[in-house]
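From first to last, the protein sequence lines stand for chains A and B. Numbering-wise (the working numbering), the first sequence opens with residue 1 and increments by one. Numbering-wise (the working numbering), the second sequence opens with residue 307 and increments by one. Glycine included, C-beta positions come from ideal geometry on N, C-alpha and C. Model, not experiment: these values are computed from the prediction.
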Amino acid sequence: MARRAGNRRRLWLRLGLLVVTAIALLTLDARGSGGVLDSARGAVLDVLGPVRSFGDWVTGPIRDAWRGVVSYDDLEAENSALRGELAEAEASVLRVGELERDRQELLALLGARDTVQAIPRVTARVIDAPISNFERTIELDKGHRDGIRVGMPVESGHGLVGRVEETSLNWSRVELLTDPNFDAGVRIVRSGDDGLASGRGPDRDLEVSYIELETVVIPGETVVTSGFAGSTFPAGLLVGTVTEVVPDAVRGAQRVTVHPAADLTRLRWVQVLLYEPDVPEPVIVDRDPEPEPAPEPAPEPGGGAP
Amino acid sequence: MATAGPLARSALLLVGAVVIHVGLLSHMTPAGVIIDPLVLLAVAGGMVGGRGTGASFGAGCGLASDLIVHTPFGMSLLVLTLVGYLSGIIAEQIGSARTVARAAVASLLAAGGIGLFACAGWLMDLEFVTEAPIVRIAIVTALAALVAHPLVERTVRWVLLIRPQVSAERGPRSPGG
């Protein structure tokens with residue numbers, strides 16, 4: 001009987017120790033002092049990187065074949081829609097070319113620099129699989145070694161995708177712009193009004209706040225990053241288009257819903273902009289200035305060297 | 307040496323499970339759900355080894371999961387430790403039931419593990435957990451556990467050097483053998 005009670009106590013002790021360890025780790029992580037834990041995770045994912053790429057390479061054709069069988073009708077509809085879009089795009093190429101020339105001339109006249117185009121980029125492949133059902137990020141096969149740093153913007157050919165949240169030697173994780181923790185300063189191009197775009201979760205559009213009630217915002221308008229000083233994004237990155245405008249009299253502002261320009265569900269390749277915001281140099285105040293050297297006495301007339 | 311055997315085998319099994327998870331299962335997503343082999347292993351660990359071994363085995367699975375999944379570090383450790391422990395308690399209740407019954411229980415426990423994870427996410431106010439399709443994930447994980455449990459249980463028995471109990475489906479043996 002006593003032996004059984006002892007066994008039970010030992011079991012409880014073991015469980016208690018494990019639970020306390022887990023809570024201690026959670027606390028460390030929540031306090032942001034989990035540098036060692038993050039490094040360990042980064043190292044493990046670095047090691048597993050080739051395994052993931054290999055798995056993607058092996059299973060890719062199977063997945064594509066399965067998708068082809070299961071969603072043939074959808075693919076066909078998408079294909080015809082894409083053909084239509086391609087025709088439209090071809091028609092607008094000339095017009096866009098002219099506009100681009102005009103823009104470059106205007107920039108030259110103003111002596112301004114096209115900052116977004118001038119930013120160097122790294123093209124990275126999206127490792128097409130979150131490891132868990134509870135992840136809302138994407139991972140790239142390039143990392144620190146390629147110059148990628150935390151906070152750098154990521155875009156696809158269509159628009160902003162998110163920002164680098166974590167990076168390791170040859171792997172990095174991107175927080176998508178639909179993530180509830182994501183926010184960025186944006187500008188509604190036509191009116192020039194600035195606001196703050198925030199993610200609202202997967203498959204949901206962004207919400208832009210702080211747009212004044214007087215500002216006229218029309219669905220279909222383009223929204224770009226505003227690039228305020230200190231922002232992690234340069235000005236002019238395409239974010240998306242306005243889909244809905246709801247005046248909020250209580251807040252004295254409008255709630256503007258924006259559909260992301262980038263299709264976040266079909267990302268294969270993205271570009272990381274090697275952009276680091278200009279942080280204003282700190283003003284150094286010398287609290288204890290050194291005494292100025294006393295002025296040298298003026299040479300006496302006729303007191304030159306012998 | 308007697309204790310080093312199961313430890314070394316457990317480590318090998320965990321590494322294998324992580325490689326299969328990362329290299330294969332994360333790319334094959336039935337109904338858009340990633341089947342987490344570490345949950346199935348934690349359940350099997352408890353069902354084979356009892357609550358104490360289940361807790362330790364679950365903790366190992368949780369730690370491995372924490373190292374590869376971007377949830378708060380320690381969350382999987384906490385959840386899978388409890389899953390292993392609870393699986394041990396349930397296994398003690400059902401004893402040496404039929405294989406099918408054990409697989410059914412394992413599938414319920416695996417679904418419960420997903421539910422526990424969601425509860426932990428809710429307590430920690432993690433929107434990316436609470437907004438995930440929990441019911442769908444739990445159903446797919448339960449189905450996967452139902453199918454895979456016999457194999458997983460056999461593997462865990464080999465790892466922990468635990469011989470299978472006489473199954474009820476074979477019936478009790480006569481004293482004479």
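In chain order, what residues of the same chain have a beta carbon less than 6 Å from the beta carbon of residue i, not counting five sequence neighbours either side?
i	result
A317(B)	none
L415(B)	V349 and S393
I443(B)	V339 and I420
V462(B)	A350, G351 and V354
L45(A)	W171
F182(A)	E175 and G199
V453(B)	none
A262(A)	S156, H158, G159 and V161
Would residue i pass as an interface residue toward chain B - the criterion being a Cβ-Cβ separation below 8 Å?
i	result
F233(A)	no
P61(A)	no
A30(A)	yes
D56(A)	yes
R14(A)	yes
A65(A)	no
F351(A)	Since the first residue shown for chain A is 1 and the last is 306, residue 351(A) is missing from the structure and cannot be characterised.
R41(A)	yes
A77(A)	no
R136(A)	yes
A22(A)	yes
G143(A)	no
I131(A)	yes
V217(A)	no
R4(A)	no
V250(A)	no
G84(A)	no
L37(A)	yes
L45(A)	yes
R173(A)	yes
R163(A)	no
With distances taken between CB atoms, is the gap from residue i to residue j smaller than 8 Å?
i	j	result
G240(A)	G227(A)	no
A365(B)	L18(A)	yes
L29(A)	F363(B)	The residue asked about is misnamed: residue 29(A) is Asp in this sequence, not Leu. Their beta carbons are not under 8 Å apart, which means D29(A) does not touch F363(B) by this criterion.
T316(A)	R187(A)	This structure leaves residue 316(A) out entirely; chain A is present only between 1 and 306.
P336(B)	V458(B)	no
S92(A)	L140(A)	no
V246(A)	E221(A)	no
T215(A)	D193(A)	yes
C367(B)	L313(B)	no
R441(B)	V389(B)	The residue asked about is misnamed: residue 441(B) is Val in this sequence, not Arg. Against a cut-off of 8 Å, the Cβ pair of V389(B) and V441(B) comes out as no contact.
V116(A)	P234(A)	yes
I138(A)	V122(A)	no
A424(B)	H455(B)	no
A451(B)	A412(B)	yes
L273(A)	E165(A)	no
Name the residue from the options whose alpha carbon lies nearest to the alpha carbon of residue i.
i	options	result
T232(A)	D194(A), P277(A) and T178(A)	P277(A)
D38(A)	G358(B), T377(B) and P312(B)	T377(B)
S307(A)	E207(A), V250(A), R10(A) and S172(A)	Since the first residue shown for chain A is 1 and the last is 306, residue 307(A) is missing from the structure and cannot be characterised.
E212(A)	A184(A), V126(A), A65(A) and A249(A)	A249(A)
P219(A)	R190(A), G201(A) and T225(A)	R190(A)
R200(A)	S156(A), V256(A), P234(A) and R41(A)	V256(A)
D179(A)	V270(A), R136(A), G35(A) and G42(A)	R136(A)
G427(B)	G97(A), L26(A) and A262(A)	L26(A)
V47(A)	A361(B), P439(B), I395(B) and I374(B)	I374(B)
I395(B)	G360(B), A417(B), A407(B) and M334(B)	G360(B)
Consider the Cβ of residue i: report whether some Cβ of chain A lies at a distance smaller than 8 Å.
i	result
S332(B)	yes
I340(B)	yes
S362(B)	yes
I295(B)	Within the shown structure, residues of chain B are numbered from 307 to 483, placing residue 295(B) beyond reach of any answer.
A350(B)	no
G482(B)	At G482(B), the pLDDT of 37 sits below 50, so the modelled position is not reliable and the matter cannot be decided from this model.
E433(B)	yes
T377(B)	yes
M381(B)	yes
By Cβ distance, which residues of its chain are closer than 8 Å to residue i, with the 5 residues on each side in sequence left out?
i	result
V258(A)	V186, A197, D205, L206, E207, V208, V223, V239, G240, T241, V242 and T243
L430(B)	Note that residue 430(B) corresponds to Met in the displayed sequence, not to Leu. Same-chain partners within the cutoff: P378 and M381.
G311(B)	L467
Cβ of residue i within 7 Å of any heavy atom in the ligand ZN?
i	result
I445(B)	No copy of the ligand ZN appears in this structure; indeed no ligand is present at all.
Residues in its own chain within less than 7 Å of residue i by CB, not counting five upstream and five downstream?
i	result
R145(A)	L169 and N170
T387(B)	A361, G364, A365 and G368
Original post:
Of all the residues that make up the region 435–448 of chain B, which are near chain D by a beta-carbon distance shorter than 7 Å?
Top reply: Note that chain D does not occur in the displayed structure, where the protein chains are A and B.
**OP:** Please determine if the region 54–68 of chain A and the region 316–331 of chain B are in contact, where contact requires at least 3 C-beta pairs separated by less than 8 Å.
**Re:** Enough Cβ pairs lie closer than 8 Å, so yes.
**OP:** Tell me, please, whether the region 429–442 of chain B touches the region 397–416 of chain B by the rule of three or more beta-carbon pairs shorter than 8 Å.
**Re:** Segments in contact, no.
Original post:
Is the region 340–349 of chain B touching the region 131–141 of chain A, taking contact as three or more C-beta pairs under 8 Å?
Top reply: Taking 8 Å as the limit for Cβ pairs, the verdict is that the region 131–141 of chain A does touch the region 340–349 of chain B.
**OP:** May I ask you to verify whether the region 376–394 of chain B touches the region 19–31 of chain A, counting CB pairs closer than 8 Å and requiring at least 3?
**Re:** Counting Cβ pairs under 8 Å, three or more are found: they touch.
Subject >> Inter-stretch contact (C-beta, 8 Å, three-pair minimum) for the region 71–89 of chain A and the region 345–361 of chain B >> reply: Verdict: no, contact absent.
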